[in-house]
Amino acid sequence: MDGSVRLEEVVMRFGDFTAIDETSLAIGSGEFFSFLGPSGCGKTTLLNIVSGFLTPSAGQVYIGGAPMAGVPVNRRPTAMIFQNLALFPLMMVFENIEFGLEVRGIDRRTRRETAERLLALVALEGVGPRRVTELSGGQKQRVAIARALAVEPRVLLLDEPLSALDLKLRQHMRSELKAIQRKTGITFIYITHDQGEALTMSDRVAVMSAGRLQQVADPMTLYRQPATGFVAAFVGENNRLEGRVIDRQGERVRLDAGALGELMGRTGPEVTLANGTPAALYVRPEQLRPVEGQAAAPTLVARVEAVSFEGAWVMVATRLEGSGEVLRVQLGNEVSRRYADALTPGQRLTLGFDPADAVVLPLDGSPRLDAATGEVVAGADA
Amino acid sequence: MLRQLSARFGGPLAAAILVLLGIWLIVMVTLPQLQMIDYSLRPNLLPDQRGGLEDGWTLANYATLFANDIHRTIFFKTLWSSVLVTLLTLAVSYPLAWYLAKVATPRQAALCILLLIIPFWINEILRTYSWFIILAFRGPLNEVLMMLGLIDRPIRFLSGDAGVMVGMVYAYILFMVFPVYNAIESLDDNQVRAARDLGAGTLRTHRRIVIPHAKPGIATGCIMTFMLAAGSYAVPALLGSPGSRWFTQIIYNWFFEGGNWNQGAAYAFLLLVLCIGFMSLVMRIFRVGLGDIAK
Amino acid sequence: MSSRTLMALALRGYVVVFFAYLFLPLAIMAAATFNDSRFPTVTPWDGTTLRWFGELAADGAMWQALGNSLLVAAGVLLLAVPIGIATALFLNSVSSRAKPFLYALILSPLLTPGVIIGISTLIFWRQWGVGGGVFLTVLGQATFIAAYVMLMVTARLQRFDRTLERAALDLGASPWQAFRRILLPFLKPAILSAAVIAFLQSFENYNTTLFVVGYDTTLTVYIASKVRTGLTPAVNALGLILILVTVLLAVAYEVKRRREAVAPPR
Chain X
10 MDGSVRLEEV VMRFGDFTAI DETSLAIGSG EFFSFLGPSG CGKTTLLNIV SGFLTPSAGQ
70 VYIGGAPMAG VPVNRRPTAM IFQNLALFPL MMVFENIEFG LEVRGIDRRT RRETAERLLA
130 LVALEGVGPR RVTELSGGQK QRVAIARALA VEPRVLLLDE PLSALDLKLR QHMRSELKAI
190 QRKTGITFIY ITHDQGEALT MSDRVAVMSA GRLQQVADPM TLYRQPATGF VAAFVGENNR
250 LEGRVIDRQG ERVRLDAGAL GELMGRTGPE VTLANGTPAA LYVRPEQLRP VEGQAAAPTL
310 VARVEAVSFE GAWVMVATRL EGSGEVLRVQ LGNEVSRRYA DALTPGQRLT LGFDPADAVV
370 LPLDGSPRLD AATGEVVAGA DA
Chain D
1018 MLRQLSARFG GPLAAAILVL LGIWLIVMVT LPQLQMIDYS LRPNLLPDQR GGLEDGWTLA
1078 NYATLFANDI HRTIFFKTLW SSVLVTLLTL AVSYPLAWYL AKVATPRQAA LCILLLIIPF
1138 WINEILRTYS WFIILAFRGP LNEVLMMLGL IDRPIRFLSG DAGVMVGMVY AYILFMVFPV
1198 YNAIESLDDN QVRAARDLGA GTLRTHRRIV IPHAKPGIAT GCIMTFMLAA GSYAVPALLG
1258 SPGSRWFTQI IYNWFFEGGN WNQGAAYAFL LLVLCIGFMS LVMRIFRVGL GDIAK
Chain H
88 MSSRTLMALA LRGYVVVFFA YLFLPLAIMA AATFNDSRFP TVTPWDGTTL RWFGELAADG
148 AMWQALGNSL LVAAGVLLLA VPIGIATALF LNSVSSRAKP FLYALILSPL LTPGVIIGIS
208 TLIFWRQWGV GGGVFLTVLG QATFIAAYVM LMVTARLQRF DRTLERAALD LGASPWQAFR
268 RILLPFLKPA ILSAAVIAFL QSFENYNTTL FVVGYDTTLT VYIASKVRTG LTPAVNALGL
328 ILILVTVLLA VAYEVKRRRE AVAPPR
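Residue numbers (our numbering), protein chains in the order written: chain X, 10 to 391; chain D, 1018 to 1312; chain H, 88 to 353.
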């Protein structure tokens, strides 16, 4: 059973608005693949194109190698878990799960056996005769999964299915979903704006913004080697410092950051950074730490503005003396205890980082995020 | 349209929907109305004169109304009386709608609405007929008034327009109560409280807060009541006398006694124009659209 | 006593008077049924009798009219309910620039006096050689009753979550299966209510019916003609029976509706 999905130069326009810019992508059979992006980035549109609810303006979708043009929703080997689950409220649990088999004309006995088996898979034995309206949020979630699996899809499409659950249950369902995916071997395509969900469950993640794929990679790569400024800002937290390229030696790049002096970071082999061009250095809060005396690598001098205790760590908001920009620093409990005196508002702090942990990217015109709210604020860097 | 429908329901069902809608809107609604207007613009001819020299469009049937003093008087009487019925019905209904929506407890309101719905379900003819008994020359109303010593001899209630109007208010009141009630019900209680808190008296609260909010409901009630009153045949037929004829009765006579359908069609169209005119006027005064009315 | 409490008292008093006004006429009509007088009245009271029920039962024309009324109502149900549902589905699914115009056209039968609907139906069908009778009465009544059905079905349709239809399609259902298994069961309560209302509207209609009924009399037309000519308390007996049946229906319908409003249908 080939559950691979391939998008070939898919474009989706609604009138003048381009929801999906030319996109090509291959998802392997049995892969847990996520689309991650802020709302309005086009990820749901993409899911609807795969499921057949939308016909792309151009391009082609292949599932299991077969082109899907002209194949209507109800003939595609996909099944969707809807954001609101869309369980049929007038039917009981059994009827919901059996619906897909019923419309295929499968006999009652076989249907019931399948339903029982799937209820066991999602650990819900015995709720079959209940009404779906009587179930808890987590139970409904499982019924929705069982209902989708009943039609033996090659690809399961999940449209932010956990967003309605509360925090604890959401985290529990993550491991549950991952376990079901492993047991069934079905390709999962998962849509979310929650990077925690995408990073913990997925084999690979596609970060989307403004109708474009920003980067497709496994979670670790995405976090450590963001390919665009958008990914650097959207996945995890990042401090962004602008400058101009002085020179580049292999992966190592030196930047002239004006008042902040010279900074150093790392970049990927595929990135072009000509000397003298504007670039940004991204350094994550947890990579920064206080340094004493003369350090080998460049350092940043900042003044502490606020300290917030987050339990496992301390988040320090500082302001750079050179440029007046905000720099956020995350310190483990041990370090923060050692520097307790320095971590009071108004104190001066010298911060350093390993250049291997900082990423340099060209100012490439990709969308930007507001650091405070996490919303996309601009389509392009100036 | 077919595309959107068949995307949702599939071809056969989409086609069935369009066929049913087409039969209704074209064969049952539009064409009969157009045919009626066409009739009203043609002279009343014998079958063998059809297609002859005299068969052409003319406004003669409309001129009849203005040439005939009695018919003209009845037309305008119907107009004014229907306006009066509408205003009376509104005046009687508003306090009740207010009570149901904002004063009564939910239990009281539920009971009252059930009590309102029951007569609403009862035949209009029977509701009118009950007033026929009350207003009769030797009926209970005259008896009570005489017993109280308010009158010396019975009054002929059933020989003037007053009886007809009383019957109409009674027959159509629920078409006013429900829209007004629904509209007031949707008003946020806090707005009323805030108005009171700011020192507005009862009248001012209603004039400035409740009535402006209830406008769509009031407009709907007025349009429905006027249309029912002006178009009523049952009430004037039962409660009126030959001296207090209604315009609908003139129309009926053209069809079934005068045998002049063309003339009748012209009068019917004038009645329709009257109702449309009133509706447009109310919609303009209250600044509401068709979408508000159908709620 | 403050003016506000006085107002509140006056309002309560008004409500009592209002309901008396609503029910007293019906009560008087009912009472007149049992008065042993040749003319329907309660004053003077000439003794109590049940003979008017007997006279009513012996009235063949009345039974004939009742039969016609039921026939017409059945025809109206068959025509107006499908049209009303179809129109509601149409309005709910289609977005088009012509929609406001169509919507006005769809509502127009509700805002047109009943006599005019009757007249236009009568005139239109004359050219096809169809005269007044049960058939035209069905057509005339269905013209505006379909709009009532449409409003009631639309009200429920607006609360439908269309994701459910998408889910059904996604699970492999054809559009017809999705309609049949998902949307139609959801609409069922509203369709049943609409059918009850349509039946009653048809049964009691007078203004439209009068013009299209021809020589086939319906019960309502029969009552009206009785009131004007040959009035006896037998009319009251008929009225009383109709009122009782209607009240029973109305209460049953309301109770069912309220129960459904509280708990979702099982």
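Glycine included, every Cβ here is placed at the ideal spot set by N, Cα and C.
For X/M89, the enclosing beta strand (DSSP E) stretches over residues T87 to I90. Identification of residues in the segment 1233-1260 of chain D having a C-beta nearer than 9 Å to some C-beta of chain H yields I1240, M1241, M1244, L1245, A1247, G1248, S1249, Y1250, A1251, A1254 and L1255, given in sequence order. Annotation: D/Y1116 is outside any beta strand (DSSP E) and is labelled neither H nor E by DSSP. If you draw a straight line from the Cα of D/R1025 to the Cα of H/L176, it is about 10 Å long.
Interface criterion met: the Cβ of D/N1140 is under 9 Å from a Cβ in chain H. For the segment 307-338 of chain X, the full-length beta strand (DSSP E) segments reaching 3 residues or more read 308-318 and 322-329 along the chain.
Taking X/P81 as the centre and dropping the five residues before and after it, the same chain places the C-beta of G61 closer than 8 Å to its C-beta, in chain order. Within chain X, the residues placing a beta-carbon under 8 Å from that of H/Q264 are V112, ordered along the chain.
Around the beta-carbon of X/K52, 16 or more other beta-carbon atoms lie within 10 Å, marking it buried. Under the 10 Å beta carbon count, H/T304 is surrounded by 16 or more other beta carbons and is classified as buried.
Every alpha helix (DSSP H) stretch that sits fully inside the segment 1124-1185 of chain D and reaches 4 residues is listed by chain position as 1141-1152 and 1157-1164.
Annotation: Cβ neighbours of X/G109 in chain H (cutoff 7 Å, chain order): L258 and G259. According to the DSSP assignment, X/M77 belongs to no beta strand (DSSP E), since it is labelled neither H nor E. When CB distances to chain D are screened at a threshold of 8 Å, the residues of the segment 292-319 of chain H falling below it are Y293, N294, L297, F298, T307, I310, A311, V314 and R315, in chain order. The three-state secondary structure of X/Q69, taken from DSSP, is strand.
Annotated as distal: X/V59 and X/L96, with beta-carbon spacing of 9 Å or more.
Linking X/G238 to X/L231 through their CA atoms gives a straight-line distance of about 12 Å.
From the beta-carbon of D/M1296, the residues of chain H found nearer than 8 Å are L198. For the pair X/R298 and X/V338, the CB atoms are nearer than the 9 Å cut-off.
Residues of the segment 271-283 of chain H whose Cβ lies closer than 9 Å to any Cβ of chain D: none.
Between H/A144 and the set H/L287, H/P200, H/T333 and H/A321, the nearest pair of CA atoms involves H/A321. Contact note: X/V160 reaches chain H through L258 and G259, using a C-beta cutoff of 8 Å and chain order. Proximity of chain H to X/A95 at the Cβ level (cut-off 8 Å) is accounted for by D248, T250, L251, R253 and A254, in chain order. Contacts with chain X at 9 Å (Cβ-Cβ) do not include H/I203. Interface annotation for the segment 42-72 of chain X against chain H: S60 and F62, criterion Cβ-Cβ distance under 7 Å.
Beyond the five residues adjoining it in sequence on each side, H/G216 comes within less than 7 Å, by CB distance, of no other residue in the same chain. Annotation: X/P364 to X/G274 spans about 4 Å, alpha carbon to alpha carbon. X/S218: not part of any alpha helix (DSSP H); member of the beta strand (DSSP E) spanning R213 to S218, first to last residue. Counting only runs that start and end inside the segment 115-173 of chain X, the alpha helix (DSSP H) elements of at least 4 residues fall at 117-130 and 146-159. In this structure, D/A1246 places its C-beta atom within 9 Å of the C-beta atom of D/T1103. Against chain H, the CB of D/Q1280 has no partner CB under 9 Å away; the residue lies outside that interface. Counting only runs that start and end inside the segment 113-189 of chain H, there is no beta strand (DSSP E) element of at least 3 residues. Under the 10 Å beta carbon count, D/R1059 is surrounded by 16 or more other beta carbons and is classified as buried. The secondary-structure analysis by DSSP pairs X/M273 across a beta bridge with X/R263. In the structure shown, the three-state DSSP call for D/N1061 is coil. Residue environment for H/Y108: exposed (fewer than 16 other C-beta atoms within 10 angstroms of its C-beta).
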